[in-house]
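Here the protein sequences come in this chain order: V and F. Residue 130 in this note's numbering sits at position 121 of the first sequence, with consecutive numbering throughout. Residue 273 in this note's numbering sits at position 272 of the second sequence, with consecutive numbering throughout. Encoded as structure tokens, the structure appears first; notes follow it.
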Amino acid sequence: MLELQNISFQVADGSADKEIIRNVSLTIPDGRLAVITGPNGGGKSTLARLIAGIERPTEGRIFFRGEDVTERSITERARMGLAYAFQQPVRFKGIHVLDLLRIAAGKRIATADACEYLSAVGLCARDYIGREVNASLSGGELKRIEIATVLARNAALAVFDEPEAGIDLWSFQNLIAVFETMRAQMKDRSILIISHQERILNIADEIIVLKDGMVERQGAREDVLPALIGSSAAVHGCWKTEPKGANATC
Amino acid sequence: MLKLDEIQMRLLREVADLHSVPEGAYNIRSNAHSAGRQSTANIEITPKTDVSGLEIRIKPGTKKESVHIPVVLTQTGLKEVVYNDFFVGEDADVVIVAGCGIDNCGAQDAQHDGIHRFFVGKNAKVKYVEKHYGSGEGSGKRILNPVTEVYQEAGSYVEMEMVQIKGVDDTERTTKAELAENAKLIVRERLMTHGDQRAVSVYNVALNGDGSSADVVSRSVAKGNSYQTFDAKIAGNAPCHGHTECDSIIMDNGRILAVPGLEANNLDAELFHEAAIGKIAGDQLIKLMTLGLTEAEAEEQIINGFLQ
Chain V
10 MLELQNISFQ VADGSADKEI IRNVSLTIPD GRLAVITGPN GGGKSTLARL IAGIERPTEG
70 RIFFRGEDVT ERSITERARM GLAYAFQQPV RFKGIHVLDL LRIAAGKRIA TADACEYLSA
130 VGLCARDYIG REVNASLSGG ELKRIEIATV LARNAALAVF DEPEAGIDLW SFQNLIAVFE
190 TMRAQMKDRS ILIISHQERI LNIADEIIVL KDGMVERQGA REDVLPALIG SSAAVHGCWK
250 TEPKGANATC
Chain F
2 MLKLDEIQMR LLREVADLHS VPEGAYNIRS NAHSAGRQST ANIEITPKTD VSGLEIRIKP
62 GTKKESVHIP VVLTQTGLKE VVYNDFFVGE DADVVIVAGC GIDNCGAQDA QHDGIHRFFV
122 GKNAKVKYVE KHYGSGEGSG KRILNPVTEV YQEAGSYVEM EMVQIKGVDD TERTTKAELA
182 ENAKLIVRER LMTHGDQRAV SVYNVALNGD GSSADVVSRS VAKGNSYQTF DAKIAGNAPC
242 HGHTECDSII MDNGRILAVP GLEANNLDAE LFHEAAIGKI AGDQLIKLMT LGLTEAEAEE
302 QIINGFLQ
């Protein structure tokens, strides 16, 4: 379970402080898939970074699996079972997909096991397992590898920051399937997705609407989603074209 | 049987991946003496008579054979200059493993300057691996100044892997190559300096023949207060293709000067260079930390990958 208590986050903006997150309190119970949505600039990604420990809140406390992790580092939170998928995945010269999956798994998993994570995100494992995680990969390929690393973490809480950003329609459909599979298997685990895609909101158990750094609304999907349809908090799709080759046809 | 002590064997493992006597032709030089030498039917190794060093003659058409000529140095104060000449016959296809390891526990400098010349015959293929390594707690420096000269005849192919990852205090590496028509040279240099180390690497490649090509790529990491210079010049004197690249990570107070140089002396010479220097990106560290690594482990992982 993740619980945020009265979280605020300020950054220096010229001479004044700018408040990005304002007194946010929310709870993600175990076994739930929650989606944080809301207009651009509302503080969604910042909230995800605060949860992962990349940023530290100015005020408030964060509890994860019953422990106060507010002062815990990124590494400590990761080792407690928190996984985080970047909105803009990072590239590494010389680090291969297999290396990254092994780091994520925390052990030297067999190549065949690593391949399963790639297959789960719709990548032909044979073609990608030995690839360098560098600029030769397209945005969509990189994004799927990013999600595969989160699958390999087998985390208690997986946080995805705008997983649909920068991917093509085919990948997006596959992504929904990945989340649905994760959800079916998660039992006492939870997933938190930052997204304003309607199709992702459609698979949520709970929806949190973040606007101007504050929780505007929070509740079960059936209660929250109808009011969002047609707004910028529930976008119906806008896809970039992915280069050929980025699919699972082996 | 090799007459080497434990430290010398460790150095041998570091620079040539050797755990015992290698297969094929070899000469193992230890503290200015040969600790073992073997020629084969196709590869003859003979000591030079005028200066210190070897002549290695590889018969034309020799295929899938290797030559190991590692050097280990454990005597403080020892300074040596060694001249090794390789004559690679036409159509030969061989692997040459060189490399030098210095363990200096004393107060005086230990220095090995290896001057290697390669005369590569028509259509011959050579893979050359050279690793440099230093260890020892002494205040004396570990110094290596390799000079490599490569003369490639028509259609020949030379691939050079130059690695210096640890422990060499001071190095000036000079590589010169001249290529005839359709000859190809590939260089992959990996370098890491730390502490107060200094490393200078200079390349001068002349693409003299029609259709010749060179690809010189260096990846390096400068840590601590170390300083590196990478100075790679490719001259296109014929219709040819040349590419040089320097990609570096700086850490702590490390400093790097990259000087890629291109000289086109022929209208159909195609020459490119790339150079990039920067610290490890914060996002890279964060990504690996979100996977459970500490910052130090993440840094190590990034550098190991980069220098792989």
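C-beta: ideal position from N, C-alpha, C; glycine also.
- prompt: Which class does GLY64 of chain F belong to by DSSP, given the choice of helix, strand or coil?
  reply: Here residue 64 of chain F turns out to be Lys, not Gly, going by the sequence shown. Of the three classes helix, strand and coil, the one that applies to LYS64 of chain F here is strand, per DSSP.
- prompt: Taking only beta-carbon atoms, is THR149 of chain F less than 7 Å away from chain V?
  reply: no
field: Which of helix, strand or coil DSSP assigns to ASP248 of chain F
entry: strand
task: Assign LEU258 of chain F to buried or exposed, taking buried as 16 or more other Cβ atoms, counted over all protein chains shown, within 10 Å of its Cβ.
output: exposed
- request: Just tell me which of F:THR77, F:PHE120, F:ASN124 has its CA closest to the CA of GLN109 of chain F.
  value: F:THR77
task: Measuring only between beta-carbons, confirm whether TYR93 of chain V sits less than 7 Å from chain F.
output: yes
- prompt: Rounded to whole angstroms, how far is the Cβ of LYS123 of chain F from the Cβ of GLU154 of chain F, which I believe are closer than 8 Å?
  reply: 5 Å
query: Going by DSSP, what residues sit across from CYS101 of chain F in a beta bridge?
result: F:VAL72, F:HIS133
- prompt: Can you name, in chain order, every residue of its own chain whose Cβ lies under 8 Å from the Cβ of THR258 of chain V, other than the five neighbours on each side?
  reply: At THR258 of chain V the pLDDT is 48, less than 50, meaning the model places this residue with poor confidence and gives no usable figure here.
Span separating the alpha-carbon of GLU125 of chain V from that of ALA178 of chain F: 47 Å
- request: Pick out whichever of F:THR63, F:ARG30, F:GLY37, F:GLU15 has its Cα sitting closest to the Cα of ILE44 of chain F.
  value: F:THR63
Close-in-space but distant-in-sequence residues of the same chain around ASN32 of chain V (CB under 6 Å, 5 per side omitted): ASN15, SER17
task: List the residues of chain V that ASN295 of chain F touches, going by C-beta distances under 7 Å, in chain order.
output: The amino acid occupying residue 295 of chain F in the given sequence is Thr; Asn does not appear at that position. Those are THR84, listed as they occur along chain V.
message: Is THR194 of chain F close to chain V? Criterion is C-beta to C-beta, closer than 7 Å.
response: no
- prompt: Under 8 Å Cβ-Cβ, which residues of chain F neighbour VAL130 of chain V?
  reply: Result: empty, since nearest Cβ-Cβ is about 16 Å, beyond 8 Å.
- request: Determine, using beta carbons only, whether VAL218 of chain V and ARG208 of chain V come nearer to each other than 7 Å.
  value: no
- prompt: Looking at the C-beta of THR291 of chain F, does it have a partner C-beta in chain V at a distance below 7 Å?
  reply: yes
- prompt: Secondary structure at THR55 of chain V, three-state DSSP: helix, strand or coil?
  reply: helix
task: Report the three-state DSSP secondary structure of ASN256 of chain V (helix, strand or coil).
output: The predicted model places ASN256 of chain V with a pLDDT of 49, which falls under 50 and marks its position as unreliable; any figure quoted below should be read in that light. In this structure, ASN256 of chain V counts as coil in the three-state DSSP scheme.
- request: Would you mind telling me which residues of chain V sit closer than 7 Å to GLN285 of chain F, beta carbon to beta carbon, in chain order?
  value: VAL99, PHE101
task: Flag PHE307 of chain F as yes if its beta-carbon sits less than 7 Å from any beta-carbon of chain V, otherwise no.
output: yes
query: Is the number of C-beta pairs between the region 78 to 91 of chain V and the region 269 to 277 of chain F that are closer than 8 Å three or more?
result: no
- request: Please confirm if the region 131 to 148 of chain V is in contact with the region 162 to 170 of chain V, defined as three or more CB-CB distances below 8 Å between the two stretches.
  value: no
message: I need the DSSP call for GLU251 of chain V, collapsed to helix, strand or coil.
response: For GLU251 of chain V, the predicted model reports a pLDDT of 49, less than 50, meaning its position is unreliable and no value from the coordinates is stated.
query: Can you name the start and end residues of the beta strand (DSSP E) that THR46 of chain V belongs to?
result: 42 to 46
- prompt: For GLU85 of chain V, does the three-state DSSP call read helix, strand or coil?
  reply: helix
message: Distance cutoff 7 Å, beta carbons only. Does ILE63 of chain V sit that close to anything in chain F?
response: yes
- prompt: Could you give the residue range of the alpha helix (DSSP H) that holds ASP136 of chain V?
  reply: 134 to 137
message: Please tell me whether ALA239 of chain F and ASN267 of chain F are closer than 7 Å, where the distance is taken between their beta carbons.
response: yes
query: Among the residues of its own chain, which have a CB less than 8 Å from the CB of ALA94 of chain V, if the five just before and after it don't count?
result: GLU155, ILE156, THR158, VAL159, ALA167, VAL168, PHE169, ASP170, PRO172
- request: Could you name the residues of chain F that ILE112 of chain V contacts, counting a contact when the two beta carbons are closer than 8 Å?
  value: LEU289, LEU292, GLY293, LEU294, GLN302
- request: May I ask you to list the residues that DSSP assigns as paired with HIS242 of chain F?
  value: F:SER214, F:GLU271
query: Relative to the C-alpha of ASP104 of chain F, which residue among F:VAL72, F:ASN254, F:MET252 is closest?
result: F:VAL72
message: Can you tell me whether LEU5 of chain F is helix, strand or coil according to DSSP?
response: coil
message: Three or more C-beta pairs under 8 Å: does that hold for the region 50 to 60 of chain F against the region 7 to 24 of chain F?
response: no
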